[in-house]
Every structure is written in C-alpha cells, then in structure tokens.
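Protein chains in written order, with the working numbering: chain A, 16 to 348; chain B, -3 to 308; chain C, 33 to 363.
Note that the Cβ used here is the ideal one computed from N, Cα and C, for glycine as well.
These notes concern the structure reproduced below.
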C-alpha cells in the first residue's frame, strides 16, 4: 500500500485558482459573497479536496470553474487558470470546447444527473461525438470499452438501458465513464458519493483513484466528509462561509491543524475506529446575508481576539504549500 | 409497450361506452323527448303516437339496447330539420371543422412552443415577461371578441380580408388566427413552466458539462423531457378541435360542426345534437388515448410501469 | 457503555414480517412483493440505545415504523412491556409510550403553525394536564432541548436545521415516552451540528431514562450513540451485538465489509480492500438461502441453498451466518 505524499509542485499545476470571488444576487441587497477570494492549485496526478459544511462555497467554486454558474450568480473577481489559460475570460462557445474535453465533472446524485429519457449508450456516445469525432460503430465500441473500464458488467446490454433501470452506484460509474471519455486534464467531483450507500461509496472512490493513477488526471474533489478527505486527498483546502481558511498537504492539516475551524471540525467528526465523546462547534454557520465583519468564524471561535473583528485575516505569505487565514493560528507542526 | 396500448385501448372503449350511456340517460331524464320535439299545443293522442313510433313506450332496458345497437350500426337517428339521417348531416360539416382546427393547431404549436421555450430560457427577464403577457392576453380574450375586432379591422376598415365564408384561402386567415392565438397562449404558458422545471434539473448541467452548446442541450435534452406535460395540453386542445370552435365558426359563418351544433340546439334537433355530443366525446377520448400512447413513447419510465403513468 | 445488571426489557420484536405489494398485476403480470422486513427479532432494554444500521433496501426504516406502530406487521408480533402492541389500545394511546423522530424536519413540522402552537397541539390532543399549565410545559420542554423561549414564536422555515431537529425531539418528548424511534435524525445536518444533537439525545436519555431505536446508515454515528447494534441486510438482521463486541470482533462478512467501507479518519492509510463484490440485489427478488451470498467473498454452496439460522456466538451476540465459527474477521 503506497503512502500518499504531497506533490512538490515543480511544474505548472493543471488548475490554478487565484482570488476567485463569486457573487450571488440576494433579495434586493446586492451581491452576496458566496466565494470570497479563494486560491488553490491542483497538480497533475494529484487530488485536492475542497472540504467544508453547507454554504461554504465549495460547490459554487466547482461551478465557476466550469462556467456553469446558475443565473443569479457570477464571477466577480479572480482568475481560473487551466494549464495556464484563464478560462474566466473565455466566451461561451470557447468554453464548450473546454468542457468535457479538458475538464470532466461528476455530480452528487447520479440518477438525476443523467437524462431519464435517453439511453446510457447515447449519453456516453454524445460525449465522444462532441470532442473525439467518433461516430457509429467506432463510438459504440469505445462506449462499451469505457463501461468495461469503469467496472460495469455486460456492457453491450447496458448501452440500451435507461438510467432508472440501473442502481445509483452503476449510474455513478456511468457518469465517471462520461467524464473521462475524452481523457480530460482535470476531473471535478462534487460530492460524488454522498447519495450512495457506504459500500458502493468505497467502490466508487476506489474507481476514481484507479482512473487517476491510470491517466494522470488532476482531481478536484468536493466533500463535507473528512473521512473521504483522509482517504482520497493529497492536499486539502478547508472552506468556511466562502473563504479558504486553511490549505496544505493532507497529512499536515490532519495531524496539526492551524485554523481553529479545522481543529474544531476534526474534533467533531465521528470516528469508526474510536469511541469518544464528540465535541461540537457552538452556534451555526452564518448566512451569507449576515456575515460578521472581519473573520467570518470569530463568533464561534474559542480563540477570537480584538483584531479578528477588525480585519479579514489573509493567507500568510507561505504560498499555497501550507497557508492559513487566522490571526491566532494554533501551534504549527 | 404492447401492454400499455392494450390497457389504454380498453380504457378508451370503456369511456366511450360510458359517454354513450350518459347521453341516453340525459335525453330521457331531461324531460319527455317527445314534448321537446313537437310544438306545445299538440294533442295528447298525437304525442302518444309519436311515442310509439319512436319506441319511447318500450321498457328502458329495451330502448337502451336498441339505442346501442343502432349506434353500433351508424344509425344516429333522423335530423328533424333536414329530414335526413343525422349522421350524414354531421358528416358533411366535419371537413370544414377539421380544416379550421388543424390549421389553428399548427399555428398554435408554431407560435406557442418556441415562445414558451424562449421565455423559459430567458426567464425573469423582459423577454419572459413580454411573452407571458402576450400569452395571457391571447388566451383570456374571448373568441367572439377577438373575432369581431379582427373583422372590424381587417374586413371593414382596411378591407384586406373577407369577413365570412368558406371559399378561398383568404377566408381562413382570420378564423384560424382567432382560434390559434388562444391555443398558442395556453401552450406557451405550459411550455414555459415545463421547460423551466426541466432546465433546473441536474442532467442539464451534466449535458452542458460534456461541452454541448446550449442550443444542443435545449433541443436534444431539455425538450424531450419537457414534452410530456406539453403533450397533455396539446391533447386537450386536440380534443376540443371538433365542436370546440363553435363561437369562432358562428362569428365567421364557417360551415363546421360547431356552427351546426348551435343551430341544432336552437332548433331542438335532438338527433343531430346527440350525434355531435357523441362525436365530441369520442374525439376527446381519442385524443386522450393518443396522449397516453405518446407518453409511453416519450418516457421509458412510463413504458416500464406500463399502466399507471406514474414513473417508478 | 457500561453493562448494567438486569435491565428490564422494554420492547420485543418476535419474527416480525412486513411486505409491500409494488405492482398490481393485470392478467399475466404477477404481483411483485417487496419483503421489506422478513422474520426479524430483537429486544430493546429500558433506557438504552439500540442502533439499527443498514444500507438502502435493508428495511431499517420499515422496522422503525413497525415499532412506532405507523404500519402493522404482516407476520410476527411486537410486545411493549410484555403486552402485544396490536392488542393494547389504539395508536393514540401507543403514542404516549412510543414516539418517532424523522430525518426530514421541514416535512415533519406544519409550515403554517409556529413552534409553540405545534407543541401545544400535542398536549391538547392528548389532554395532558390542565389547559393553563400546557404553555408552561411547552416552554419547559423547549428549554430542555436547548432552545430559548423565543423559539416558540418562530416558524419552522425561520430556524436552522439543527434547531428544527431539536424541536422535533422536543415534540417527541412532550408525552414522556419510554421509547423514541429516531430515523436518520442527524443525517441531514452539518457535522458541527450533528454532534450537538447527538449530545442532546445522550443527555436526555440519562435524565429521563428514555430508550432509543436509533436508525442510521452511518456506522460512525451509530458507534457514538449505541449500546447495542443490529446490522440489517435486505430485510433481515444479520448480526446483533453490544457495541464493543461488534467493532472489535464482527462475525458476519457484511458487518466486516460495512466497517471496512467507512472512510478512515487518518490520511496516508489506504483502506483495506473490501471483501465485497457486485451490486446490492433488488429487494423484490432476494437471493435464495443466505441473502448475502451473492456478494460474499466467503460464500459456499450451503450459503446458496439454506438460510442460516441466528446463532449465539458471545454474550448478547447473535449472527446469521453458516461460517460464523470458522471465519476470523478481526481487523
């Protein structure tokens, strides 16, 4: 069993997000900062997990990367560099060439993420037709090969099935097949296993890791489950109320978290290997319309001091190797 | 799929049978048919004679059976006013109504579907509001009002089009437009609602995520899914094709079934009224039947559950 | 946690079965029957938490509803305090002794009534105490679950998910039941709030000696709250044990797979490969013999032919597996 080691970053990362901000139109009170100055990198062959609770902005970040924000949201600042190219600046028709071909995406609930009135085969072949100029028999053969590769037995028969005829786990495998059909450089997975049973979840995560090892794809994995992070991540970025509060190699962040929120989150997670009293974080996640000034977490933080209310703590200049946005960071490793 | 067709066929036939029975009961229950047929001052002896001749003095069950057998053989009685079999009288008017109805339907679809889709795609913008306002206007304005206004403008003021009649294609324009815009309004509204719901579904994002253009996603992914509720509405419109245009036909003196119905009711021509009622009922049932089959074709989940129409 | 001597048994389920008909046939199509709960027996003691864990299609929610008397069994019996629940009064009376807490809190609360009114409604329906004292009871119970008095004036959509869950728990407690069935009570909550609600449940159990049937798909949460645990698969209980025994020495391959499937909490350690194959079978046509045999890495021909009986393999530790004595499944 190999140990996962954090990357050395000598080459240009596949995905490089710098100071990304996404605003959502609230009820008449301007733009709410769903994502506020997020920065992170994803290197080829490595996985970055974006972890946080509801409303932290992790899903918005994914959608922004694909240019698929919902109508009321838009990018208000920052850059998203895919292999050096800023995709924020691309037009819609240019983006259609990037989506599917260079970035693949899989979503949370696989059965609703597939078109219910189209066969599985047609949906996979569509991905092939759009970017790889395959058609007819060649496309069908490739679709079968893809289904096989993601572990679906009897691929030929499955091509003619509809999504409602397959289980959630199988549909997620189909989604993965569609996402990797064109060998993208980056795979985005937005809570890919949350809607699945835990035994299927394990199989799907194994499959994703296998894909990554085989094709050297960079992976941006969004989840709320720290266990999944521990399993899958090389690097992790913790988000809270739209901001990245801590970023680093997964081993470092888990053994010596520097941000109070990370520390508290790790202490709240129920564990399978231990019985222990769970701690909780007092209070609730603030709504986007009522964010506290300065540090968003200060009202729930046990270590908050004066400066925390005055200014927003920025990432210390340690680059993205290991950064934390806090005035009172906990003892570093 | 075969099971679906069989189940729906049986239901359709049963519904038609119920309609037939209902018409029978209504005509007997709503007063003595003979009295409605003949003038009020007819002496009772003549009334009795008529009753006997029309078989109205027989036991109800026997009357019912005779009635059903007659209908099965295409005998719907004799038209009082024209002294011909009612079925012939009605049959003659059907082509005109179909002509008007299908042209109006085509117009409604050509206008309603794209406008509804447009409104959904640009939802909550000025385009959406404009289209929906037009749709509401279209289907709220009564046919007779719109028809008469159009006649005033186009036939009388500007003398561009004829006001009534049936002979040339110009005669079709105003009535088709009157009928069609109302239906277009309804279709546009349903299309919009259905499309908005579909566009919010996760699989649309998946399709976009593959790199498909928005047009491709709308036509190949969203529309087939949005089609089902829209098909329901179209089904209702279809059912109302025959006999549903009676106001428009009357305003424009269009010689169709609707206008015939108005006249027949006024003249108390029971046989013709009965025939038209059954015709309209059968058309409705037929339209619903086609819609049910269409569901099966459009949505594989309905095919799978194959009778209830509730996806599993 | 700690074993207590001679705890009275509160609820006993004896060979309980419940099935649902999914498709009425027309002519040649046979009825399809889902055996949601099939010959299940278990006991819950007073004041303890029995954790019921399983994946989708396992029947755990249906079993919860059977215990809460929302549905009735097609076979077998349930006894509360020694009496058959089907014969002891109607559902109205039963609600005084067994309550249920659901996952979907927005759905469980009436959106048009404020919290205070909804709590009062329970008291009014069951005619608890004098009318004048009911307001006070409602306020007390809100305080007991950690909500302030002002919560009574709010509407369900105005408060957070965690607060709603507390309200639903408060409502269940109003009648002072001896058993509360909790169906995925924390699954929809953020992790930081989950811990608060779990703590609350624990506190209330200690103070009021209420027992819980805690249903969840998340083994990690079940581990935190349960004294004894039952593992369900396709309508049957495959293993039951006190918590420590279940995790230290599981005896059923499915339990082992479930534990292994849960993501570890330590980075750098790859999960052991699952001894589990294929997809879960459909609950409409469960496999013959042992229902788990199609996915079991250790299956033998006997597993396909005969359903394994429940066997006692340790103190309060029951397993339904032909190979229970020969397999060593310790991590």
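Sheet register partners of residue i (DSSP bridge)
i, result
"residue 31(A)", "56(A), 96(A)"
"residue 64(A)", "236(A), 251(A)"
"residue 120(A)", "203(A)"
"residue 246(C)", "83(C), 214(C)"
"residue 197(A)", "In DSSP, residue 197(A) forms no bridge with anything."
"residue 38(A)", "48(A), 89(A)"
"residue 77(A)", "Bridge partners of residue 77(A): none, in fact."
"residue 101(A)", "96(A)"
Which of helix, strand or coil DSSP assigns to residue i
i, result
"residue 171(C)", "helix"
"residue 341(A)", "coil"
"residue 187(C)", "coil"
"residue 109(A)", "helix"
"residue 136(A)", "helix"
"residue 349(C)", "strand"
"residue 265(C)", "strand"
"residue 323(A)", "helix"
"residue 342(C)", "coil"
"residue 129(C)", "coil"
"residue 347(A)", "Its pLDDT being 48, under 50, residue 347(A) is placed unreliably in this model, and the coordinates cannot settle the point."
"residue 107(C)", "strand"
"residue 274(A)", "coil"
"residue 280(C)", "helix"
"residue 254(B)", "helix"
"residue 272(C)", "strand"
Own chain residues within Cβ distance below 8 Å of residue i, not counting five before or after
i, result
"residue 127(B)", "111, 112, 114, 115, 184, 188"
"residue 348(A)", "Confidence in residue 348(A) is poor, its pLDDT being 38 and thus under 50, which makes the residue's placement too unreliable to answer from."
"residue 101(A)", "94, 95"
"residue 367(C)", "In the structure as shown, chain C starts at 33 and stops at 363, and residue 367(C) therefore has no counterpart that could be examined."
"residue 294(A)", "279, 282, 283"
"residue 319(B)", "An answer regarding residue 319(B) cannot be provided, because it is not within the stretch -3 to 308 covered by chain B."
"residue 27(A)", "98, 99"
"residue 322(C)", "328, 331, 335, 336, 338, 339, 340, 352, 353, 354"
Residues of its chain near residue i, where Cβ-Cβ distance is below 7 Å and the 5 sequence neighbours each way are ignored
i, result
"residue 258(C)", "81, 82, 83, 246, 275"
"residue 256(C)", "230"
"residue 333(C)", "none"
"residue 127(C)", "207"
"residue 16(B)", "64, 67, 274"
"residue 167(B)", "158, 161"
Option nearest residue i by Cα separation, candidates the options
i, options, result
"residue 145(A)", "281(B), 85(B), 233(B), 204(B)", "204(B)"
"residue 250(A)", "182(C), 299(C), 150(C)", "299(C)"
"residue 20(B)", "61(B), 0(B), 99(B), 91(B)", "61(B)"
"residue 158(A)", "132(A), 183(A), 188(A), 131(A)", "188(A)"
"residue 223(C)", "241(A), 175(A), 287(A), 165(A)", "241(A)"
"residue 299(A)", "256(A), 262(A), 324(A)", "256(A)"
"residue 202(B)", "315(A), 336(A), 33(A), 114(A)", "114(A)"
"residue 231(A)", "195(A), 183(A), 214(A)", "195(A)"
"residue 210(A)", "61(A), 314(A), 123(A), 51(A)", "123(A)"
"residue 40(A)", "61(A), 179(A), 89(A), 52(A)", "89(A)"
"residue 218(C)", "210(C), 137(C), 172(C)", "137(C)"
"residue 252(B)", "35(B), 98(B), 70(B)", "98(B)"
"residue 355(A)", "264(A), 234(A), 316(A)", "What the structure shows of chain A is the stretch from 16 to 348, and residue 355(A) is not part of that stretch, so it cannot be assessed."
Cut-off 6 Å between Cβ atoms - residues of its own chain near residue i, not counting five sequence neighbours on either side
i, result
"residue 116(C)", "109"
"residue 214(C)", "133, 244, 246"
"residue 175(B)", "100, 241, 244"
"residue 11(B)", "281"
"residue 318(C)", "266"
"residue 33(A)", "54, 93, 94"
"residue 78(B)", "85"
- Selection of the segment 54 to 73 of chain A by Cβ proximity to chain C, strictly under 8 Å: 68, 69
- For the segment 216 to 230 of chain B, which residues have a beta carbon sitting closer than 7 Å to at least one beta carbon of chain A? 217, 220, 221
- Message: Output needed in chain order: residues of the segment 121 to 138 of chain A with a Cβ under 7 Å from some Cβ in chain B.
- Response: 122, 124, 127, 128, 129, 130, 131, 132
- Task: Taking only beta carbons into account, state which residues of the segment 227 to 242 of chain C come closer than 7 Å to chain A, listed in chain order.
- Result: 227, 228, 230, 231
- Query: For the segment 273 to 293 of chain B, which residues have a beta carbon sitting closer than 9 Å to at least one beta carbon of chain A?
  - Reply: none
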